[in-house]
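Numbering follows our numbering, in which position 326 of the sequence shown is assigned residue number 354; successive positions increment by one, without gaps.
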Amino acid sequence: MTQALEGHFNPAVHFLGLLQKTIADGITRHCVHPGCPDVYLVPAEHAYYSAHPDIEALHALCLAAPFDLDVESVPDWHPNSDQDLRAGRMLIHRKQPSTNTELLKRPLDELLWYATLCASNGQLLQGHYAETTVRLLSCPDFSRLYHKAQHPLLATALLENSATLTQVAETTGIPLAQVIDFHNACAILGLIVVEESHVFEPEKYLPGLIQKSANDPQMWRCELAGQALLIISPAEGKYYSDADPTAMAKLCTAPLSELQVSAVENNSDEEEIVQIGRTRVRRKKAAALPKMAEHPLSELRFRAALYASQGRLLAGYDMNATVHLHSWPDKKLLKESASIKTERYIFPLAAYMTGKTAKLAEIAEATGLPLAQVIDFHNACALAGLLEQR
29 MTQALEGHFN PAVHFLGLLQ KTIADGITRH CVHPGCPDVY LVPAEHAYYS
79 AHPDIEALHA LCLAAPFDLD VESVPDWHPN SDQDLRAGRM LIHRKQPSTN
129 TELLKRPLDE LLWYATLCAS NGQLLQGHYA ETTVRLLSCP DFSRLYHKAQ
179 HPLLATALLE NSATLTQVAE TTGIPLAQVI DFHNACAILG LIVVEESHVF
229 EPEKYLPGLI QKSANDPQMW RCELAGQALL IISPAEGKYY SDADPTAMAK
279 LCTAPLSELQ VSAVENNSDE EEIVQIGRTR VRRKKAAALP KMAEHPLSEL
329 RFRAALYASQ GRLLAGYDMN ATVHLHSWPD KKLLKESASI KTERYIFPLA
379 AYMTGKTAKL AEIAEATGLP LAQVIDFHNA CALAGLLEQR
C-alpha cells in the first residue's frame, strides 16, 4: 500500500494559500499562470470566474506556488465588463482580457476543494495526524465537487464510523496517500471533526472556568503563548483583553490544559465599601490591572462555546431533537460579530432558528451552512440560555 509522504502539507506555499488569503482579506484578485485560463477570485461573492467550464483545466494553477503566479489585486473588478484603471493622474479604459469569451461563475469552495486535492500530494495538513480519530460531519456534494471513484467510498466510510486515517486506508484498501488527500479537502471545507470526544465538554474550556468561578471574587489571568492576555473577573461580570478577533478565537479554542491559568493576586491591605444590591459590603480593594479593554463576561461565554465546540454537540442534547431560539444573542455581541468574517454565519442561523423549530441537520440544509457551524451556534446559544429543545 502506498504510504503518505513525509512532512506536512502547508497551504501557504501553494495556490491554496493565496485562495485562503483572498477569502480572509476580501480583496478580488486576477490570477494568471502559463497554460491555464485566467481566474478571478471574488471573495465578496464567494465565487471565482474562469472562461473554461472544466475545473481540471486549472490543475497547473492549483499546483503552482504563489510566487510563480502573476497576481493582480482588482478590487473594483466586475465580471464580463470593461474596467477603468488609474495610472497616476490618468484614467485608462481597459478592455476585459476575455471580451470574446464569457466568464463562468462557480462557487469558491469548489476551487478550494480541487486545489487541496491537487496540492496535498499525500501530506497531511499541518496540525492533523493520521492516528487521530476523525469523522465526516456531512457528505461532500459530489454533484458539483470534482471527485474520483474512491472519494464516495471514503465519504461513506467516514460517515458511518469514526476512524483514524490509517484504519480507513486498511478497511477500504485505498492507499493512505489518497485517503489523506481526501481528508485534507474535507478539512478545508470544514467537513472534518476530530473525535477526541464525541461531545463538547465545556468544563475543559473557558466556559467551564467561567461557570466554575461564577460570583467568585477571585480574578483569573489566562495566558496562551503568543497571544494577548485575558483576565476574567466573575464578580464584575466582565473580562479584560486587548486581543483582536483572531487572537480571541485562539484563546477560546484552546483547552484549559493549554492555557496558563493563575489567580490575580491582591496583596493590598486597603479596603473599600461597595454597594451590592441594597447592601453595602466592605472588601479589599481589587488588584490593579493592566489597562485593557473591558467587555461583558456573557460575550466571552458565548464566543468561547462557539469556537471551542468544533462541531461537537453539547452533552445532554440530542441531534434528532428539534430546537428553537426564543431570543437573539446580545445586540452588542451581534454588532461585533458583524465585523468578524468567521462569525457572520450566526446571523442566518439566528434568523432561521427564531422563526422555525427544526432538527440541526434540517437547519444546516435549509441555511446551506455546514452542520459543524450549526452545532457550534447551537451550543453557544444553549449555554447562554437562549435555546429551547423539544
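Backbone N, C-alpha and C define an ideal beta-carbon position, used for all residues, glycine too. Computed from a predicted structure; not experimentally measured.
Any idea if residue i is buried or exposed, counting beta-carbon neighbours within 10 angstroms, 16 or more meaning buried?
| i | result |
| --- | --- |
| G150 | buried |
| S103 | Per the sequence shown, the amino acid found at residue 103 is Pro instead of Ser. Looking at its Cβ environment, which holds fewer than 16 other Cβ atoms inside 10 Å, P103 is exposed. |
| L144 | Sequence check: residue 144 is Thr here, not Leu. T144 is buried by the Cβ-count criterion. |
| S261 | buried |
| N407 | buried |
| Q401 | buried |
| L119 | Note that L119 scores 49 on pLDDT, short of 50, meaning its location in the model is unreliable and no value can be drawn from it. |
| R57 | buried |
| T50 | buried |
| R172 | exposed |
| Y420 | A question about residue 420 goes unanswered here, because the residues of the chain that appear run from 29 up to 418. |
| V41 | exposed |
| T127 | The predicted position of T127 is uncertain, since its pLDDT is 42 and thus under 50; a value taken from the coordinates is nonetheless stated next. Result: exposed. |
| A205 | buried |
| V227 | exposed |
| P230 | buried |
| R329 | buried |
| S148 | buried |
| D404 | buried |
| S326 | buried |
| L411 | buried |
| R114 | The predicted position of R114 is uncertain, since its pLDDT is 47 and thus under 50; no value can be drawn from it. |
| S337 | buried |
| A271 | buried |
| D169 | exposed |
| G155 | exposed |
| D209 | buried |
| G383 | exposed |
| H36 | exposed |
| A242 | exposed |
| G419 | No information on residue 419 is available, as it lies outside the stretch 29 to 418 that the chain covers here. |
| G396 | exposed |
| H179 | buried |
Which residue's Cα is closest to the Cα of residue i: the options?
| i | options | result |
| --- | --- | --- |
| P141 | Q255, V227, H175 and L204 | Contrary to the premise, residue 141 reads as Trp rather than Pro in this sequence. The option with the nearest alpha carbon to W141 is H175. |
| L341 | T382, C409 and H87 | C409 |
| S367 | G54, L377, T50 and A40 | G54 |
| P273 | G383, Y68, Q338 and E371 | E371 |
| K133 | V221, Y77, L153 and S326 | Y77 |
| L388 | M347, L69 and L186 | M347 |
| L152 | N212, L86 and A412 | N212 |
| K89 | P107, D82 and P65 | In the sequence under discussion, the amino acid at residue 89 is Leu, which differs from the Lys named in the question. Answer by Cα proximity: P65. |
| V67 | L377, P107 and Q154 | P107 |
| Y268 | G63, D82, L334 and H323 | H323 |
| V70 | D244, L46 and I83 | L46 |
| G236 | R331, A197, E293 and A253 | R331 |
| F95 | A75, E130 and L44 | L44 |
| K266 | M320, H179 and L139 | M320 |
| D358 | V221, H61 and A378 | A378 |
| M381 | L397, H352 and A392 | H352 |
| L219 | L187, M247, L287 and P245 | L187 |
| P135 | C146, E393, A72 and A92 | A72 |
| M247 | A275, A291 and G254 | A291 |
| L287 | E251, V99, H74 and T350 | E251 |
| A333 | K278, V60, Q195 and E416 | K278 |
Specify the secondary structure class of residue i as computed by DSSP and reduced to three states.
| i | result |
| --- | --- |
| E293 | coil |
| W141 | helix |
| E251 | strand |
| K266 | strand |
| K359 | helix |
| A386 | strand |
| I55 | coil |
| Q288 | strand |
| A115 | Confidence is the limiting factor: at A115 the pLDDT is only 49, short of 50, which leaves the residue's position unreliable and the question unanswerable from this model. |
| P135 | strand |
| L258 | strand |
| I391 | helix |
| P403 | A quick correction: the sequence has Ile, not Pro, at residue 403. Residue state, collapsed to three classes: helix. |
| I220 | strand |
| L415 | strand |
Quick check: the stretch 155-167 against the stretch 187-194, are there 3 or more CB pairs under 8 Å?
Under the Cβ criterion (8 Å, minimum of three pairs), the stretch 155-167 counts as touching the stretch 187-194.
Quick check for students: name the residue ranges of the beta strand (DSSP E) that lie wholly in the stretch 141-214, counting only runs of 3 or more.
Within the stretch 141-214, the complete beta strand (DSSP E) runs of at least 3 residues are 162-164.
Please give me, in chain order, every unbroken run of the beta strand (DSSP E) with length at least 3 that falls completely inside the stretch 64-101.
Fully enclosed beta strand (DSSP E) runs of 3 or longer: 67-70, 75-78 and 98-101.
Please list the segments of the beta strand (DSSP E) lying wholly inside the stretch 319-353, counting only runs of 3 or more residues, in order along the chain.
Under the rule that a run must span 3 or more residues, the beta strand (DSSP E) segments found entirely inside the stretch 319-353 read 322-324 and 351-353.
Taking three-plus beta-carbon pairs below 8 Å as touching, is the stretch 246-258 in contact with the stretch 349-364?
Contact fails: fewer than three Cβ-Cβ distances are below 8 Å.
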